[in-house]
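In the order they appear, the protein sequences are chains A and B.
Numbering follows UniProt numbering, in which position 76 of the first sequence is assigned residue number 76; successive positions increment by one, without gaps.
Numbering follows UniProt numbering, in which position 54 of the second sequence is assigned residue number 54; successive positions increment by one, without gaps.
For each residue, glycine too, the CB sits at the ideal point set by N, CA and C.
Take a look at the structure below.
2 protein chains.
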Amino acid sequence: MSEDSENMREPLHETLQVQRGETEASLQPLRLGERVRSLRLGQGLTLEEASKLTGLARSTLSKIENEQISPTFSVVHKLVNGLGIDLPQLFSEPSNSAQPSGRRDITRRGEGKPHPTATYEHELLATDLSHKKMVPFTTRVRARAFGDFPEWIRHDGEEFLYVLSGAILFYTEFYEPVRLEAGDSAYYDCTMGHMLVSVSEEDAEVLWVTA
Amino acid sequence: MSEDSENMREPLHETLQVQRGETEASLQPLRLGERVRSLRLGQGLTLEEASKLTGLARSTLSKIENEQISPTFSVVHKLVNGLGIDLPQLFSEPSNSAQPSGRRDITRRGEGKPHPTATYEHELLATDLSHKKMVPFTTRVRARAFGDFPEWIRHDGEEFLYVLSGAILFYTEFYEPVRLEAGDSAYYDCTMGHMLVSVSEEDAEVLWVTA
DNA sequence: TTCGCGTGTTTCCTATAGGAAATTTACGTT
DNA sequence: AACGTAAATTTCCTATAGGAAACACGCGAA
């Protein structure tokens, strides 16, 4: 990093800002109060009961729900734990986002769209839907040795891997290989070379989701 | 609810507390500062740069990292957006391992970060990574009846569901409920109300990925 | 060594979060 | 209606969060 003058700071500032998306003035309204209220009422709780559960004062809860205050992190933590808030609704943004699009696609076991390769036998799931943010598929790992692959598999995006059965060796470009068994999972950048090899008696089966 | 005296409050308090697991004094330390610092350093940022990115004062960031203050939710929000942190990660317990720079995170079976609710028992996966496009977690479905849910669960984004074991009824707002068994999967818009109920002898276990 | 200068910490002050209690609102009941 | 009760809201006060600026600590260059 070379420095020229004292105003080399601003450009960096701007650059970083842009990279991260809006930070300063923008940042959605974050209807936290609204959500907390609907969550509480959904459980049929009064402020008094919620107060007991969370250890927070009734008044505090009321103010949070009416967006009169911005609760501290410790208070939010008590809220989450006390009311047993479900994860997805916790980190999803406002959700006032209109269009309740109601797509749904069920794929029965073994009914996916087959896509065999030399080393893997993929089965694409939810293929009736297009424009998905994620692409889920199950895979039977036929490869048995590192050498079965001509080269690293690399592509854009991120990938989540969950071992359904059997055991695999998970090779990645920048790490030592790891043995994964049923129930183990991994999350990684696909730009980093990666590949799977079955090491169990039978071919291992894994679930992959890419985004 | 009959009231006798002013001290009938405590017993109820205790009762409710127990039902939900510890809330008050307990609630693990939540080394927020520690995590924020490692996240910031992991990105090679100085307090000054982080300040520009988040719009927060250097001093404020310093105090947060040194656990001298509990930031308000709005401040946490700026932090999350400015530094690209996953919110769920902040509410699950601190992870011992520092952020790897190569972006790969392995989660062993049963080693996720627990997050129990009244109806589900979630286990967050890959919590060492932040800024993920997807959030994967496994869930034990405790709910046994439609009525166990006060209302539809609804939030932004899309969700992929894969049944690991047991059998569930998959209720969605705009479709008839469907029975799903091990190996079956579903992909749907989360803005549409949805919920799961176990219908097998034992609680069903599912894998969820949201994006 | 001393001078800068970038970095993190601390101080000081104002704005505001959070709890206890008073007040108001919303409903049943008689 | 007027009352009783339980809910939520508001008030009042203290504790504390957050920003600006001063301070302290390295560390490299002259």
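_Simplified DSSP state of residue 132(A), which is helix, strand or coil_ = Counted from its first residue, the first sequence places residue 132(A) at position 132. Coil.
*asked:* I need the straight-line Cα distance from residue 153(B) to residue 187(B), nearest angstrom please.
replied: If you number the second sequence from 1, residue 153(B) lands on position 153. If you number the second sequence from 1, residue 187(B) lands on position 187. When rounded, the distance between both Cα atoms is 15 Å.
*Cα separation between residue 127(B) and residue 113(B)?*
Stepping through the second sequence from its first residue, residue 127(B) is reached at position 127. Stepping through the second sequence from its first residue, residue 113(B) is reached at position 113. Answer to the nearest angstrom: the Cα atoms are 7 Å apart.
*asked:* Can you find the residues in the same chain that come closer than 6 Å, C-beta to C-beta, to residue 178(B), ignoring five residues on each side of it along the sequence?
replied: Along the second sequence, read from residue 1 onward, the residue named residue 178(B) stands at position 178. Within its own chain, the residues whose Cβ lies closer than 6 Å to the Cβ of residue 178(B), once the five positions on either side in sequence are excluded, are 170, listed in chain order.
*Give a yes or no on whether the minimum CB-CB distance between residue 151(B) and chain A is below 8 Å.*
On the second sequence, position 151 is the one that residue 151(B) refers to. It does: the Cβ of residue 151(B) has a partner Cβ on chain A nearer than 8 Å.
*Identify each residue in the segment 167-200 of chain B for which the Cβ-Cβ distance to at least one residue of chain A is less than 9 Å, and report them in chain order.*
170, 172, 173, 174, 175, 178, 180, 181, 182, 183, 184, 185, 186, 187, 188, 189, 190, 191, 192, 193, 194
*residue 191(A) versus 175(A), 103(A), 156(A), 85(A), residue with shortest Cα-Cα distance*: As a working mapping, residue 191(A) is identified with position 191 in the first sequence. When only C-alpha atoms are compared, the closest one is 156(A).
*asked:* Short of 7 Å Cβ to Cβ, which residues in the segment 125-141 of chain A face chain B?
replied: Those residues of the segment 125-141 of chain A that come within reach of chain B (Cβ to Cβ, closer than 7 Å) are 125, 126, 129, 132, 133, 134, 136.
*For the alpha helix (DSSP H) containing residue 53(B), list its first residue and its last residue.*
Within the second sequence, numbered from 1, the residue matching residue 53(B) stands at position 53. Run containing residue 53(B): 47-54, per the alpha helix (DSSP H) assignment.
*Any idea which residues DSSP pairs residue 186(A) with across the strands?*
Here the question's residue 186(A) lines up with position 186 in the first sequence. Partner(s): 161(A), 106(B).
_Where residue 197(A) falls: helix, strand or coil (DSSP)_ = As a working note, residue 197(A) is residue 197 in the first sequence. Strand at residue 197(A).
*asked:* By the DSSP assignment, the beta strand (DSSP E) with residue 73(A) in it spans what residues?
replied: Working through the first sequence from its first residue, we reach residue 73(A) at position 73. It is not in any beta strand (DSSP E) - residue 73(A) instead sits in the alpha helix (DSSP H) that spans 73-83.
*Measuring CA to CA, which of 158(A), 54(A), 176(A), 180(A) is closest to residue 165(A)?*
The residue labelled residue 165(A) in the question sits at position 165 within the first sequence. Checking every option, the nearest Cα to that of residue 165(A) belongs to 180(A).
*Out of curiosity, what's the CA-to-CA distance linking residue 146(A) and residue 138(B)?*
Mapped onto the first sequence, residue 146(A) falls at position 146. Mapped onto the second sequence, residue 138(B) falls at position 138. Using only the alpha carbons, I get a separation of about 30 Å.
*Might you give, ordered along the chain, the residues of its own chain that have their beta carbon closer than 8 Å to the beta carbon of residue 132(B), omitting 5 neighbours on each side?*
For the purposes of this step, residue 132(B) is taken as residue 132 along the second sequence, with counting starting at 1. When the five nearest sequence neighbours on each side are left out, the beta carbons in the same chain lying within less than 8 Å of the beta carbon of residue 132(B) are those of 86, 126, in order along the chain.
*For residue 179(A), which of helix, strand or coil comes out of DSSP?*
Here the question's residue 179(A) lines up with position 179 in the first sequence. Reduced to three states, the DSSP call for residue 179(A) is strand.
*Check the C-beta distance from residue 51(B) over to residue 61(B) and give it rounded, since I have them as a contact under 8 Å.*
For this step, residue 51(B) is matched to residue 51 along the second sequence. For this step, residue 61(B) is matched to residue 61 along the second sequence. Right, the Cβ-Cβ distance comes to about 6 Å (below 8 Å), so this counts as a contact.
*Are the C-beta atoms of residue 72(B) and some chain A residue less than 8 Å apart?*
Taking the second sequence and counting its residues from 1, one reaches residue 72(B) at position 72. Closer than 8 Å to some Cβ of chain A, the Cβ of residue 72(B) qualifies, so yes.
*Kindly identify the DSSP beta-bridge partner or partners of residue 40(A).*
For this step, residue 40(A) is matched to residue 40 along the first sequence. None, per the DSSP bridge assignment.
_Cross-chain neighbours of residue 36(A) in chain B, by beta carbon under 8 Å_ = Position 36 of the first sequence, counted from the first residue, corresponds to residue 36(A). Within 8 Å Cβ-Cβ: nothing; residue 36(A) doesn't reach chain B, min ~11 Å.
*Excluding the five sequence neighbours on either side, which residues of its own chain have a C-beta within less than 8 Å of the C-beta of residue 48(A), listed in chain order?*
Position 48 of the first sequence, counting from 1, holds the residue named residue 48(A). The answer, listed in chain order, is 58.
*According to DSSP, residues forming a beta bridge with residue 168(B)*: For this step, residue 168(B) is matched to residue 168 along the second sequence. Looking at the DSSP assignment, residue 168(B) forms a beta bridge with 180(B), 198(B).
*Please name the residues in the segment 152-166 of chain A whose beta-carbon is closer than 8 Å to at least one beta-carbon of chain B, in chain order.*
Listed by position along the chain: 157, 158, 160, 162, 164.
*Whole-angstrom distance between residue 44(B) and residue 176(B), CA atom to CA atom*: Numbered from its first residue, the second sequence carries residue 176(B) at position 176. Numbered from its first residue, the second sequence carries residue 44(B) at position 44. If I take the Cα positions, the gap works out to 51 Å.
*Is residue 194(B) buried or exposed, if buried means 16 or more other CB atoms sit within 10 Å of its CB?*
Locating residue 194(B) in the second sequence gives position 194, counting from the first residue. Residue 194(B) is buried by the Cβ-count criterion.
*Does residue 42(B) have its Cβ less than 8 Å from a Cβ in chain A?*
The residue given as residue 42(B) occupies position 42 in the second sequence. So, not an interface residue.
*How big is the Cα-Cα spacing for residue 73(B) and residue 74(A)?*
The residue you call residue 73(B) lines up with position 73 of the second sequence. The residue you call residue 74(A) lines up with position 74 of the first sequence. Taking the straight line joining both Cα atoms gives about 9 Å.
_For residue 184(A) and residue 108(B), which I take to be in contact (beta-carbon distance under 8 Å), what is that distance rounded to the nearest angstrom?_
As a first step, residue 184(A) must be located in the first sequence, where it is residue number 184. As a first step, residue 108(B) must be located in the second sequence, where it is residue number 108. Right, the Cβ-Cβ distance comes to about 5 Å (below 8 Å), so this counts as a contact.
_So for residue 64(B), helix, strand or coil by DSSP?_
To locate residue 64(B), count along the second sequence from 1; it is residue 64. Collapsing the DSSP output to three states places residue 64(B) in a helix.
*DSSP on residue 35(B), reduced to helix/strand/coil?*
Here residue 35(B) corresponds to residue number 35 of the second sequence, with the count starting at 1. In this structure, residue 35(B) counts as helix in the three-state DSSP scheme.
*Is residue 150(B) helix, strand or coil when you go by DSSP?*
Translated into positions along the second sequence, residue 150(B) becomes position 150. In the structure shown, residue 150(B) sits in coil (DSSP, three-state: anything other than H, G, I, E or B).
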